[in-house]
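Residue numbers (our numbering), protein chains in the order written: chain Z, 1 to 194; chain R, 1 to 194. Just so you know, even glycine gets a beta-carbon here, dropped at the ideal spot from N, CA and C. Here the structure is a predicted model, which means the values were calculated and not measured. The structure appears below as structure tokens.
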DNA sequence: CGAATTTCCTAAACCAGTTCATTTTTATTT
DNA sequence: AAATAAAAATGAACTGGTTTAGGAAATTCG
């Protein structure tokens with residue numbers, strides 16, 4: 001049934017009983033969004049975390065000079081939100097935009113507080129996936145520090161080809177931390193070599 | 001007594017009973033380290049997370065060209081470790097070095113797994129502080145993307161003057177993501193202005 | 001389908017930050 | 001207090017990546 005993917009995701013980290021699962025399911029809200037639609041916008045408090053059932057998203061910031069910087073992508077079986085806005089329940093600074101027509105399962109922030117109390121195993125689940133996100137983020141920060149633009153590009157293409165082939169190049173460039181023009185230059189260099 | 005600061009730290013996020021506190025305390029190991037001593041080194045699995053009672057630390061990576069990149073600082077009332085190495089129990093990639101003679105309270109990775117089972121409130125504690133670290137890391141990544149070297153320097157001086165005045169400048173430069181020489185240039189620009 | 005909009009590519013001038021080489025200042029050790 | 005090592009400063013030459021400005025493809029949508 002429709003909640004299978006998210007339940008499978010949770011089962012990777014904690015073993016829930018059938019009872020716990022039936023308690024949990026009412027907190028899942030399915031939502032469909034069209035390409036180019038926003039699920040989070042600066043100025044509004046981010047009210048849920050979203051699990052991608054189908055589709056693709058990007059979370060990005062627009063800086064004072066109008067340039068975009070992509071913080072995260074999400075495709076099937078990933079989560080996305082403006083994390084700061086969600087946990088502190090303060091206005092978001094990011095846009096989260098659908099890159100394709102998509103389907104989400106959303107968990108409301110307050111609902112989550114409720115089931116964390118009712119189902120202690122979910123505390124553990126949250127703890128583990130947050131720890132993993134943190135480890136991921138640290139690797140990314142280090143990669144930004146230690147690698148050149150071209151090395152970061154290569155790394156991304158190898159690790160996340162599924163994403164690289166699906167998102168617009170300006171989004172990829174702004175995730176890797178350089179301009180679209182430079183991305184073209186890199187690609188050009190590569191095709192010349194081979 | 002000596003565990004007061006760390007217990008106070010925990011109390012900010014969860015309310016433990018006296019019983020829970022006495023169960024917890026045996027897991028805290030006090031450790032003294034001298035300036036320039038390492039508590040984590042590349043190649044060795046990071047076995048504990050460390051809470052700084054007194055002193056200052058930095059976690060850094062040495063890249064393929066021999067350049068250092070500082071991932072984190074920690075002074076009194078902060079935590080430090082090689083997070084990836086700790087949670088996956090795999091060899092560290094970072095050095096964690098004492099910048100002064102220091103005192104730590106360490107929690108062993110396996111011990112932590114034990115008390116997380118015995119004291120469920122600690123799951124919540126872990127979840128919350130990990131969420132906050134993640135939010136902090138995301139802000140840092142965005143700051144690196146959107147701000148110039150000088151803006152990042154100003155931001156750090158304003159937010160963390162206690163740290164800025166205590167750590168060597170080469171460490172600060174490598175945290176902010178630019179060369180020591182450039183840091184000198186920035187400082188020079190500033191003193192000329194005033 | 002055809003028009004409009006969005007995305008992608010190219011090239012030259014430019015600049016923020018690096019590198020290299022040397023000197024001065026500040027800590028640390030004996 | 002002298003000797004040594006570590007950290008900070010300075011300046012000139014350089015480079016990885018940006019900016020600006022344009023045109024070519026590819027998508028989207030009426």
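Minimum Cβ-Cβ distance from residue i to chain Z less than 9 Å
| i | result |
| --- | --- |
| residue 132 of chain R | yes |
| residue 50 of chain R | no |
| residue 9 of chain R | no |
| residue 91 of chain R | no |
| residue 16 of chain R | no |
| residue 39 of chain R | no |
| residue 88 of chain R | yes |
| residue 71 of chain R | yes |
| residue 47 of chain R | no |
| residue 197 of chain R | What the structure shows of chain R is the stretch from 1 to 194, and residue 197 of chain R is not part of that stretch, so it cannot be assessed. |
| residue 102 of chain R | no |
Short CB-CB distance (under 9 Å) between residue i and chain R
| i | result |
| --- | --- |
| residue 135 of chain Z | yes |
| residue 83 of chain Z | yes |
| residue 77 of chain Z | no |
| residue 196 of chain Z | Beyond the ends of chain Z as shown, which are 1 and 194, falls residue 196 of chain Z; an answer cannot be given. |
| residue 12 of chain Z | no |
| residue 61 of chain Z | yes |
| residue 24 of chain Z | no |
| residue 161 of chain Z | no |
Residue i burial status per 10 Å Cβ neighbour count (16 or more: buried)
| i | result |
| --- | --- |
| residue 55 of chain R | buried |
| residue 88 of chain R | exposed |
| residue 140 of chain Z | buried |
| residue 152 of chain R | buried |
| residue 181 of chain Z | exposed |
| residue 162 of chain Z | exposed |
| residue 131 of chain Z | buried |
| residue 195 of chain R | Lying outside 1 to 194, the shown extent of chain R, residue 195 of chain R is not represented and no answer is given. |
| residue 113 of chain Z | exposed |
| residue 173 of chain R | buried |
| residue 102 of chain Z | buried |
Cβ pair residue i, residue j closer than 9 Å
| i | j | result |
| --- | --- | --- |
| residue 93 of chain R | residue 84 of chain R | yes |
| residue 2 of chain R | residue 53 of chain R | yes |
| residue 73 of chain R | residue 58 of chain R | yes |
| residue 106 of chain Z | residue 29 of chain Z | yes |
| residue 77 of chain Z | residue 9 of chain Z | yes |
| residue 128 of chain Z | residue 13 of chain Z | yes |
| residue 125 of chain R | residue 42 of chain R | no |
| residue 99 of chain Z | residue 168 of chain Z | yes |
| residue 121 of chain Z | residue 16 of chain Z | yes |
| residue 48 of chain Z | residue 86 of chain Z | yes |
| residue 134 of chain Z | residue 156 of chain Z | no |
| residue 39 of chain R | residue 31 of chain R | yes |
| residue 145 of chain R | residue 63 of chain Z | yes |
| residue 142 of chain Z | residue 142 of chain R | no |
| residue 138 of chain R | residue 137 of chain Z | yes |
| residue 68 of chain Z | residue 160 of chain Z | no |
| residue 115 of chain R | residue 27 of chain R | yes |
Quick check on the DSSP output: what are the complete beta strand (DSSP E) runs of length 3 or more inside the region 83–158 of chain Z, in order along the chain?
95–98 and 102–108
Could you list the residues in the region 139–152 of chain Z with a C-beta less than 9 Å from some C-beta on chain R, going in chain order?
139, 140, 141, 142, 144, 145, 146 and 147
Name, going along the chain, the residues of the region 112–131 of chain R whose beta-carbon falls closer than 8 Å to a beta-carbon of chain Z.
116, 120, 123, 124, 126, 127, 130 and 131
Within 9 Å of chain R by C-beta, residues of the region 177–189 of chain Z in sequence order
Those residues of the region 177–189 of chain Z that come within reach of chain R (Cβ to Cβ, closer than 9 Å) are 177.
Whole runs of the alpha helix (DSSP H) within the region 9–63 of chain Z, excluding any shorter than 4 residues
18–24
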